[in-house]
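A short worksheet on the structure shown next.
Protein chains: 2
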Amino acid sequence: MEDILRSLGFLCLGSRMKRMGEQLQADTQRVLDRLDMRIQSSQYPLLAALDRLGPLPVGELAQSLGVAQPGVTRSVALLAELGLVEVNPADDDQRRRIVSLTGNGRRLVDRAKRDIWPSIENAVADLCADLSGPLLGQLSAIEDRLAETPLHRRAERIATP
Amino acid sequence: MEDILRSLGFLCLGSRMKRMGEQLQADTQRVLDRLDMRIQSSQYPLLAALDRLGPLPVGELAQSLGVAQPGVTRSVALLAELGLVEVNPADDDQRRRIVSLTGNGRRLVDRAKRDIWPSIENAVADLCADLSGPLLGQLSAIEDRLAETPLHRRAERIATP
DNA sequence: CAATGTTATATATCAAGTTATCGATATGTG
DNA sequence: CACATATCGATAACTTGATATATAACATTG
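Here it is, written out as structure tokens:
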């Protein structure tokens, strides 16, 4: 069965990258599911941002993640519900709401950094290893490799030391 | 402001590709909006599939687009509402519903192929021109170029002959 | 040939992104 | 100081992807 997005080349690059991104996220989710991490893979970038940059107001969090502000508001509400982040008004400006990791959030991130992220990162690096040349060719290679060996099996194989 | 997805490299490749795909689709939409095409950019792959492969049942359409079947069912219902596609039961198997372009759909696709798709394709090709080397570097270059000159301005500059 | 199983599609629900808009707080100026 | 304007975040409505499940038609088999 012909893969239309692949055949259309540059014309549908956006749709194709979105599709690949979704597949990678879904595969990553399967890796996370095997451990008892019960949050969605899509929430990790927000936690990682707080880890790297420290407490941030909603707007700056949105900027550093490259998504629109309402998306961050929703994610923060969800993570606050789970007790992983908390929100406090800024001292100097009552409009700004500063998001920070809670103790539980901190522990989860530390554990993820130690036990999980390395194996995901290695699996994706393995997926993209030794690629070169034009973008469309690299994308095709990644799709082919992923069809052959899904990401969660690569994460098994490449156990973290 | 640090771009977290970029900093995280392979770990968040899925989120990053999804984000880039969404931006490309949104930019493409802006190109389409300037003409009087009033359908969403995300519907074009389905129309292109019917154009290239001819009438297809829902399931095969889903496979050739690389998306799940319910998504196709919904898109088809929408395009049928607009009078661009029609659905008929297969002769031999009453379960299969064959999707095909209507006269209006055919005309829209022909017009898009002549007037619009080439300029989008050229704009994206321009965006990706002269890239080589590792994937992450190419993605960064595309993000940088897109921030400097959005796709819809590239489509203006590179008028189709 | 009736019962059971399989397949194709539709429907329901959820997730996560978007834009547009509202309310509350800051800010700046006449 | 008061009022107009700007900014921050929340909310609503929509889009489009996903999965799970229901329904209807076909296939198989005892």
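Protein sequence lines, in the order shown, are assigned to chains S and Y. Just so you know, we're using the UniProt record's numbering here: the first sequence kicks off at 1 and counts up by one. Just so you know, we're using the UniProt record's numbering here: the second sequence kicks off at 1 and counts up by one. Just so it is clear, CB atoms sit at the ideal spot from N, CA and C, and this is done for glycine as well.
Starting from the beta carbon of residue i, find every residue of chain S whose beta carbon is closer than 7 Å, and list them in chain order.
i: threonine 28(Y); result: Gly14
i: alanine 155(Y); result: Ordered by position in chain S, no residue passes the 7 Å Cβ test against alanine 155(Y), which lies about 12 Å from the chain.
Could you tell me the boundaries of the beta strand (DSSP E) in which residue i lies?
i: glutamate 127(S); result: Correcting the residue type first, residue 127(S) is leucine in the shown sequence and not glutamate. From DSSP, leucine 127(S) is part of no beta strand (DSSP E) but of the alpha helix (DSSP H) over 117 to 127.
Using a Cβ cut-off of 9 Å, pull out every chain Y residue sitting near residue i, in sequence order please.
i: glycine 71(S); result: By Cβ distance, chain Y contributes nothing, its closest Cβ being about 11 Å from glycine 71(S), past 9 Å.
i: glutamine 43(S); result: Neighbours of glutamine 43(S) on chain Y: none; closest Cβ ~10 Å, over 9 Å.
Give me the Cα-Cα distance between residue i and residue j, rounded to the nearest whole angstrom.
i: alanine 80(S); j: glutamate 86(S); result: 6 Å
i: valine 67(S); j: arginine 19(Y); result: 8 Å
i: serine 132(S); j: aspartate 93(Y); result: 46 Å
i: glutamine 40(Y); j: glutamine 29(Y); result: 7 Å
i: serine 15(Y); j: glutamate 22(S); result: 8 Å
i: glutamate 156(Y); j: valine 31(S); result: 44 Å
i: serine 7(S); j: glycine 137(S); result: 12 Å
i: serine 119(Y); j: cysteine 12(Y); result: 31 Å
i: alanine 62(Y); j: glutamate 2(Y); result: 38 Å
i: glycine 71(Y); j: leucine 5(S); result: 16 Å
i: glycine 105(S); j: threonine 102(Y); result: 54 Å
i: tryptophan 117(Y); j: glutamate 148(S); result: 32 Å
i: arginine 107(Y); j: leucine 24(S); result: 36 Å
i: arginine 114(S); j: proline 55(S); result: 21 Å
i: leucine 53(S); j: aspartate 33(S); result: 27 Å
i: alanine 77(Y); j: alanine 77(S); result: 34 Å
i: valine 109(Y); j: leucine 35(S); result: 47 Å
i: leucine 82(S); j: leucine 82(Y); result: 43 Å
For a contact meaning CB atoms closer than 8 Å, what does residue i contact in chain Y?
i: glycine 137(S); result: Those do not exist, as glycine 137(S) stays about 10 Å from chain Y at its closest Cβ, beyond 8 Å.
i: residue 162(S); result: Outside the shown range of chain S, which is 1 to 161, sits residue 162(S), and nothing can be said about it.
How would you list, in chain order, the residues of chain Y whose beta-carbon sits under 7 Å from the beta-carbon of residue i?
i: leucine 24(S); result: Leu13, Gly14, Met17
i: alanine 48(S); result: Ile4, Leu8
i: isoleucine 120(S); result: Leu11
i: valine 31(S); result: Simply none; closest approach about 11 Å.
i: alanine 125(S); result: Phe10
Got a sec? Which residues, its chain only, sit under 6 Å from residue i by beta carbon, not counting five neighbours each side?
i: proline 150(Y); result: Asp27
i: arginine 154(Y); result: Ala123, Asp126
i: serine 64(Y); result: Ala49
i: aspartate 51(Y); result: Val109
Suppose the cutoff is 8 Å on Cβ atoms and the five residues either side in sequence are ignored; what does the same chain contact list for residue i look like?
i: arginine 145(Y); result: Leu127
i: proline 57(Y); result: Ala90, Arg96, Arg97, Ile98, Val99
i: isoleucine 142(S); result: Met20, Leu127, Cys128, Leu131
i: serine 140(S); result: Arg6
i: phenylalanine 10(Y); result: Leu136
i: methionine 17(Y); result: Leu139
i: asparagine 88(Y); result: Arg97, Ile98, Ser100
i: threonine 73(Y); result: Val58
i: leucine 84(S); result: Ile39, Leu47, Leu101, Thr102, Asn104, Gly105, Leu108
In chain S, what lies closer than 8 Å to residue i by C-beta?
i: arginine 52(Y); result: Glu2, Ile4, Ser7
i: glutamate 86(Y); result: Chain S residues near glutamate 86(Y): none, gap ~20 Å exceeds 8 Å.
i: glycine 133(Y); result: Ser132
i: valine 76(Y); result: What valine 76(Y) touches in chain S: nothing, since even the nearest Cβ is about 15 Å away.
Excluding sequence positions up to five away, which residues of its chain have a Cβ less than 7 Å from the Cβ of residue i?
i: serine 75(S); result: Gln43, Leu46
i: glycine 59(Y); result: Gln69
i: glutamate 121(Y); result: none
i: histidine 152(S); result: Asp27, Arg30, Val31
i: proline 134(Y); result: none
Anything in chain S within Cβ reach of residue i, meaning under 9 Å, just list it in chain order.
i: leucine 65(Y); result: Asp3, Ile4, Leu5, Ser15, Arg19
i: residue 191(Y); result: Outside the shown range of chain Y, which is 1 to 161, sits residue 191(Y), and nothing can be said about it.
- What beta strand (DSSP E) runs, 3 residues minimum, are completely inside the UniProt domain "HTH marR-type" (1 to 148) of chain S? 85 to 89, 97 to 101
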